[in-house]
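Read left to right, the sequence shown gives residues 259 to 443 (our numbering).
Beta carbons: idealized from backbone N, C-alpha and C, even for Gly.
Taking it in order: structure first as structure tokens, then the write-up.
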Amino acid sequence: MISIDTTLSLSPVTMADVPQLVQYLNNEKIYRNTLKIPFPYTRADAGWFVHFTEGRRQQFGRQVDWAIRNGEGYLIGGVGFHVRYGLASHKDEIGYWLGEPFWGQGIMTRVIAEICRLGFQEFNLLRLEASVFEHNQASGRVLEKNGFVAEGILKNHFLKNGRPITVKLYAKTRSMPSSTPPTFP
């Protein structure tokens with residue numbers, strides 16, 4: 259377990275998290291802002307995801323996906339490294355989601371600060387990236403609060419349900435200090 263503070267921690271996703279995964283991910287707003295999370299989101303989807311994250315841990319020999327947990331230990335979101343370029347790469351992309359009841363509380367800003375620390379210090383990365391759907395301004399603000407810079411617009415970068423999705427590519431490098439240190443409520 260990785261403790262962020264007294265109210266937040268990161269730990270592996272387990273089968274005990276299936277009810278919370280279904281509760282929070284069966285949400286059309288989350289579906290609209292993510293590429294691969296299905297809607298409706300079922301118990302079968304959640305079970306598959308738990309096994310997928312365990313398989314990635316075994317494949318890479320370390321945890322690369324985490325449940326975001328509140329102070330009581332309940333899953334409220336998720337975060338991870340895509341490991342798109344392999345563990346030996348100098349860069350990686352991050353992905354994250356948070357249950358709607360927890361939006362607007364500064365939670366994801368604190369989580370991304372910890373993921374940056376892990377990426378740069380534990381994974382020895384030089385660059386972190388995040389692709390954000392252009393309509394998802396809240397996600398962009400979370401990244402900006404953690405020193406990420408919007409490097410460009412990637413038009414029609416993804417297809418979702420046969421429709422092109424334009425994204426903003428955000429990045430932060432190890433040598434880039436945060437423009438403003440994150441402030442937490």
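Can you check whether the CB of residue j is closer than 8 Å to the CB of residue i?
i, j, result
"A429", "N404", "no"
"A388", "E358", "no"
"V341", "V322", "yes"
"V425", "V390", "yes"
"T264", "N328", "no"
Once you ignore the five residues that flank residue i on each side, which residues in its own chain have a CB closer than 7 Å to its CB?
i, result
"R385", "H348, K349, A429, T431"
"L292", "The amino acid occupying residue 292 in the given sequence is Thr; Leu does not appear at that position. Counting only Cβ-Cβ distances below 7 Å, and skipping sequence neighbours, we find W355."
"N285", "E358"
"G410", "L427"
Starting from the C-beta of residue i, find all residues in its chain whose C-beta is less than 6 Å away, skip the five residues before and the five after it, and write them out in chain order.
i, result
"F360", "I334"
"V271", "V308, T311, A325"
"L283", "I295, Y299"
Roughly how far, in whole angstroms, is the beta-carbon of residue i from the beta-carbon of residue j, given that I think they are within contact range, below 8 Å?
i, j, result
"M366", "V407", "No, M366 and V407 are not in contact; Cβ-Cβ is about 18 Å, not under 8 Å."
I need the DSSP call for residue i, collapsed to helix, strand or coil.
i, result
"I295", "coil"
Cutting at 8 Å between CB atoms, please list the residues of its own chain near residue i, excluding the five before and the five after it.
i, result
"I260", "S267, L268, S269, W324, E372, L376"
Taking only runs of the beta strand (DSSP E) that begin and end inside the stretch 316-353, which ones reach a length of at least 3 residues, in chain order?
323-328, 333-339
Output the residue ranges of the alpha helix (DSSP H) runs that lie fully inside the stretch 355-433 and measure 4 residues or longer, sorted by chain position.
Counting only runs of 4 or more, we get 365-375, 395-403.
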